[in-house]
Amino acid sequence: MTSNKLKQGFKNLIITFKKDPILSATIGLVATIVAVFILYPLVRVFIRSITVDGEFSFLQYIAIFSSARLRQAFTNSMILGLSVATTSTIVGFLAAYSLTKVTLPGKSLFKKIVMIPLISPPFMLSISIILLFGRRGLITSQLLGLRGYSIYGLDGLIIVQTLGLMPIAYRVIAGVLARISTELENAGLNLGANKFDVFRTITLPLALPGVASAWLLSFVMSIADFANPMVLGEGFNVLSVEAYIQITGRYNFARGAAFAILLLIPSLTAFLFQKYWVDKKSFVTVTGKPSGSQRDLASKPVKYALFIYMLFISSFAILLYATVIMGSFFRLWGIDYSLTLDHFQYAFRGGFGTIRRTIIMAVSSAPISGVLGMIIAFLVVRKNFIGRRALQFSSMLPFAVPGTVIGIGYVLAFNDGWIVMTGTIFIIITLLALRNMPVGIEAGVAALNQIDPSISEASKDLGANSAQTFSRITLPLLKPAILSGVSYSFVRAMTAVSAIIFVVSARWNHLTIQILQHTELMELGAASVLCLFLIVFVMIVFGILQKFLGEDNTSSYIT
Numbered sequence: 017m018t019s020n021k022l023k024q025g026f027k028n029l030i031i032t033f034k035k036d037p038i039l040s041a042t043i044g045l046v047a048t049i050v051a052v053f054i055l056y057p058l059v060r061v062f063i064r065s066i067t068v069d070g071e072f073s074f075l076q077y078i079a080i081f082s083s084a085r086l087r088q089a090f091t092n093s094m095i096l097g098l099s100v101a102t103t104s105t106i107v108g109f110l111a112a113y114s115l116t117k118v119t120l121p122g123k124s125l126f127k128k129i130v131m132i133p134l135i136s137p138p139f140m141l142s143i144s145i146i147l148l149f150g151r152r153g154l155i156t157s158q159l160l161g162l163r164g165y166s167i168y169g170l171d172g173l174i175i176v177q178t179l180g181l182m183p184i185a186y187r188v189i190a191g192v193l194a195r196i197s198t199e200l201e202n203a204g205l206n207l208g209a210n211k212f213d214v215f216r217t218i219t220l221p222l223a224l225p226g227v228a229s230a231w232l233l234s235f236v237m238s239i240a241d242f243a244n245p246m247v248l249g250e251g252f253n254v255l256s257v258e259a260y261i262q263i264t265g266r267y268n269f270a271r272g273a274a275f276a277i278l279l280l281i282p283s284l285t286a287f288l289f290q291k292y293w294v295d296k297k298s299f300v301t302v303t304g305k306p307s308g309s310q311r312d313l314a315s316k317p318v319k320y321a322l323f324i325y326m327l328f329i330s331s332f333a334i335l336l337y338a339t340v341i342m343g344s345f346f347r348l349w350g351i352d353y354s355l356t357l358d359h360f361q362y363a364f365r366g367g368f369g370t371i372r373r374t375i376i377m378a379v380s381s382a383p384i385s386g387v388l389g390m391i392i393a394f395l396v397v398r399k400n401f402i403g404r405r406a407l408q409f410s411s412m413l414p415f416a417v418p419g420t421v422i423g424i425g426y427v428l429a430f431n432d433g434w435i436v437m438t439g440t441i442f443i444i445i446t447l448l449a450l451r452n453m454p455v456g457i458e459a460g461v462a463a464l465n466q467i468d469p470s471i472s473e474a475s476k477d478l479g480a481n482s483a484q485t486f487s488r489i490t491l492p493l494l495k496p497a498i499l500s501g502v503s504y505s506f507v508r509a510m511t512a513v514s515a516i517i518f519v520v521s522a523r524w525n526h527l528t529i530q531i532l533q534h535t536e537l538m539e540l541g542a543a544s545v546l547c548l549f550l551i552v553f554v555m556i557v558f559g560i561l562q563k564f565l566g567e568d569n570t571s572s573y574i575t
């Protein structure tokens with residue numbers, strides 16, 4: 017039976033190639049790109065982790081689990097991931113419920129503030145936390161007079177990762193809450209149920225798939241985080257940092273690859289669980305009938321509590337970003353708070369070239385991410401061919417695979433052999449483009465599902481081939497989605513850390529890596545200056561995007 021299906025599939029493939037060679041060539045080219053720049057590096061990581069002197073061996077894994085310190089890195093990663101997934105989901109759910117189901121003053125402002133962490137460097141929050149709560153922190157040392165207090169370690173990491181991942185949990189859960197039919201909730205109220213009972217019996221059960229999805233996404237991104245543990249870890253070792261140390265500090269590529277695989281397994285498992293189980297549990301409440309207006313689903317005491325909650329979250333976020341601004345102008349934080357521009361001179365004197373090169377990398381990689389993602393979306397949504405599902409799954413892998421794993425994979429795959437790119441700008445551009453490509457794919461799939469297929473079919477009936485149909489009909493209709501994908505890929509490329517830290521070089525450094533280097537040297541003033549520049553620059557790009565596409569389009573592809 018399977019053999020017959022394969023024969024029929026290959027027969028259809030030959031027919032398709034004869035009828036539309038451009039489509040077949042496109043499928044072949046895209047499949048080659050995915051195989052070479054996504055699958056091949058991952059295979060190299062796996063092979064390196066189980067090879068010793070050219071022979072198959074689990075020696076590296078045995079060594080890891082035989083060492084208490086190395087074994088602790090795995091345990092710490094799981095503890096951190098489970099803790100942050102839970103806290104960020106709770107914080108995100110409360111924010112989502114407050115801003116979708118409750119009438120609060122300042123709602124539009126709150127929505128903007130909670131999204132700010134998505135457009136800032138991953139470890140910017142760590143810098144702010146150190147300046148406020150570190151050993152010479154403004155709050156802990158200067159205001160409270162605490163001595164010996166340390167924000168480093170698990171507690172600090174939970175705080176910064178929760179704040180950093182809360183916007184993602186918020187977006188996922190808010191999207192689910194917004195799609196719950198108001199008729200169901202209003203019917204519950206009309207039948208005499210109080211607002212808490214409506215929440216408990218209607219809203220919460222329907223939102224659970226979104227809550228589960230947010231938890232899993234937060235877990236994956238928490239254990240994959242490299243920058244924050246690198247800055248705030250101090251004795252709390254995790255898999256991503258240990259893999260980096262093994263590769264760059266001890267040149268033990270085999271053990272670094274083994275750590276990468278240990279990091280990949282839970283990440284990929286959570287991704288598959290979210291994609292193929294949680295998504296199937298989603299409930300559909302759209303009836304096709306006009307929905308009534310949303311009634312306030314919180315009593316006055318609850319509404320006041322939620323308003324205070326949103327005010328606290330927003331104020332704390334603003335405080336953290338204001339701290340970076342202050343850190344840019346104070347001479348020596350914790351000792352001398354006189355104003356100075358020395359940090360700007362120092363940071364830009366050594367960092368202007370890096371800024372220029374970072375913008376070049378982002379500008380070069382973002383269009384590739386957007387256009388390639390859109391082509392793949394078109395192929396998997398509108399075309400039927402052998403390996404379509406495999407192509408769709410493989411092209412989405414960069415979203416599930418931690419950046420540390422991809423970075424190590426690129427070092428192993430393109431340092432020798434038939435494609436050598438190490439030390440060049442091309443390896444960084446390629447990595448950023450393929451790493452951010454799933455954003456373009458998701459944007460394309462969402463847009464294509466809203467376009468009637470009969471439009472393309474009419475073009476085909478009139479004699480146009482696939483290339484003509486795509487370029488003249490489909491592509492113009494996808495323009496907003498393409499721009500959204502490209503713009504968000506640009507933001508991600510400007511703020512990337514974990515993947516590119518393995519492939520940057522003295523000539524081709526990245527701005528986030530330079531900020532990290534300043535932070536490790538405790539040059540927090542210079543680090544604050546470059547963080548401030550990066551935030552302002554990215555916000556300008558994001559503001560232009562909102563002006564041209566509207567807020568709904570810019571935010572729909574955030575997660």
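Numbering (my numbering), first residue to last: 17 to 575.
Ideal Cβ positions, reconstructed from N, Cα and C, are used throughout, including at glycine.
Hey, quick one: how far does the alpha helix (DSSP H) through residue i stretch, first residue to last?
| i | result |
| --- | --- |
| SER229 | 220-240 |
| TYR186 | 170-195 |
| SER487 | Counting along the chain, SER487 falls outside any alpha helix (DSSP H), and DSSP gives it neither H nor E. |
| ILE441 | 441-464 |
| ILE531 | 527-536 |
| LEU255 | 255-260 |
| ILE54 | Looking at the DSSP string, ILE54 is not in any alpha helix (DSSP H), and its letter there is neither H nor E. |
| VAL507 | 495-510 |
| VAL247 | 243-248 |
| PRO282 | 269-289 |
At which residues does the beta strand (DSSP E) containing residue i begin and terminate?
| i | result |
| --- | --- |
| LEU355 | 352-355 |
| PHE518 | Note, PHE518: premise wrong, no beta strand (DSSP E); not H, not E. |
| ARG163 | Where ARG163 is concerned, there is no enclosing beta strand (DSSP E), given that its DSSP letter is neither H nor E. |
| LEU348 | 346-348 |
Please report how far the alpha carbon of residue i lies from the alpha carbon of residue j, in whole angstroms.
| i | j | result |
| --- | --- | --- |
| LEU450 | ARG365 | 32 Å |
| THR570 | PHE109 | For THR570, the predicted model reports a pLDDT of 46, less than 50, meaning its position is unreliable and no value from the coordinates is stated. |
| VAL214 | ALA286 | 31 Å |
| GLY204 | PRO221 | 14 Å |
| ILE517 | ILE531 | 12 Å |
| ARG266 | GLU258 | 10 Å |
| PRO133 | GLY541 | 20 Å |
| ALA84 | SER73 | 21 Å |
| SER487 | ALA462 | 18 Å |
| PRO37 | ALA483 | 10 Å |
| GLY559 | LEU125 | 15 Å |
| VAL349 | LEU147 | It should be pointed out that residue 349 corresponds to Trp in this sequence rather than to Val. Each residue's alpha carbon lies about 7 Å from the other. |
| ILE556 | ILE334 | 18 Å |
| LEU248 | THR528 | 16 Å |
| LEU447 | LEU55 | 13 Å |
| GLY367 | TYR165 | 33 Å |
| PHE53 | MET437 | 12 Å |
| ASP568 | VAL188 | Low local confidence applies: a pLDDT of 49 at ASP568 is under 50, so the model's placement there is unreliable, with the coordinate-based value given in what follows. The straight-line gap from Cα to Cα measures roughly 14 Å. |
| PHE409 | PHE401 | 14 Å |
Going along the chain, which residues of its own chain have a beta-carbon closer than 7 Å to the beta-carbon of residue i, five neighbours each way excluded?
| i | result |
| --- | --- |
| GLY97 | PHE235, SER238, ILE239 |
| ILE76 | The question names Ile, but residue 76 is Gln in the sequence shown. Only SER65, ALA270, ARG271, ALA274 meet the Cβ criterion. |
| ALA190 | ALA112, LEU115, THR116 |
| ARG60 | GLY425, LEU428, ALA429 |
| ILE445 | MET377, SER380, SER381 |
| TYR362 | ALA542 |
Could you name the residues of the same chain whose beta carbon sits closer than 8 Å to that of residue i, not counting the 5 residues immediately before and after it, in chain order?
| i | result |
| --- | --- |
| GLY304 | At GLY304, the pLDDT of 44 sits below 50, so the modelled position is not reliable; the number obtained from the coordinates is stated separately. Within the same chain, GLY304 has no close Cβ partners at all. |
| SER136 | TYR337, THR511, CYS547, LEU550, ILE551, VAL554 |
| VAL68 | LEU75, GLN76, ALA270 |
| GLY423 | LEU447, SER514, ALA515, ILE516, ILE517, PHE518, VAL519 |
| THR156 | LEU148, PHE149, GLY150, LEU162, TYR165, ILE167 |
Counting only the same chain and skipping the five closest in sequence on each side, list residues whose C-beta sits under 6 Å from that of residue i.
| i | result |
| --- | --- |
| ILE281 | none |
| GLY501 | GLY386, GLY389, VAL455, GLY456, ALA459 |
| SER93 | ILE239, VAL254, LEU255 |
| MET246 | VAL257 |
| PRO306 | Residue confidence is low: PRO306 scores 45 on pLDDT, short of 50, so the model does not pin down where it sits. Its coordinate-derived value is still stated next. Result list for PRO306: empty, nothing under 6 Å. |
| LEU168 | It should be noted that the sequence gives Tyr, not Leu, for residue 168. Closer than 6 Å at Cβ, skipping near neighbours: LEU248, GLU250. |
| ARG87 | PHE81 |
Taking C-alpha atoms, which residue in the options lies nearest to residue i?
| i | options | result |
| --- | --- | --- |
| THR198 | LEU181, THR219, PHE53 | THR219 |
| ILE324 | LEU120, THR438, ALA101 | LEU120 |
| LEU597 | MET182, LEU493, ARG216 | Past the boundaries of the shown model lies residue 597; the chain is included only from 17 to 575, so the question cannot be answered. |
| TRP524 | LEU413, ARG373, VAL557 | ARG373 |
| ALA276 | PRO57, PHE394, GLU71 | PRO57 |
| LEU154 | VAL318, PHE346, VAL100, ALA185 | PHE346 |
Measuring only from the beta carbon, is residue i closer than 7 Å to any heavy atom that is part of the ligand FMN?
| i | result |
| --- | --- |
| SER142 | For the ligand FMN, the structure offers nothing, since it holds no ligand at all. |
Within the region 326-401, ranges of the alpha helix (DSSP H) (whole runs, at least 4 residues):
358-398
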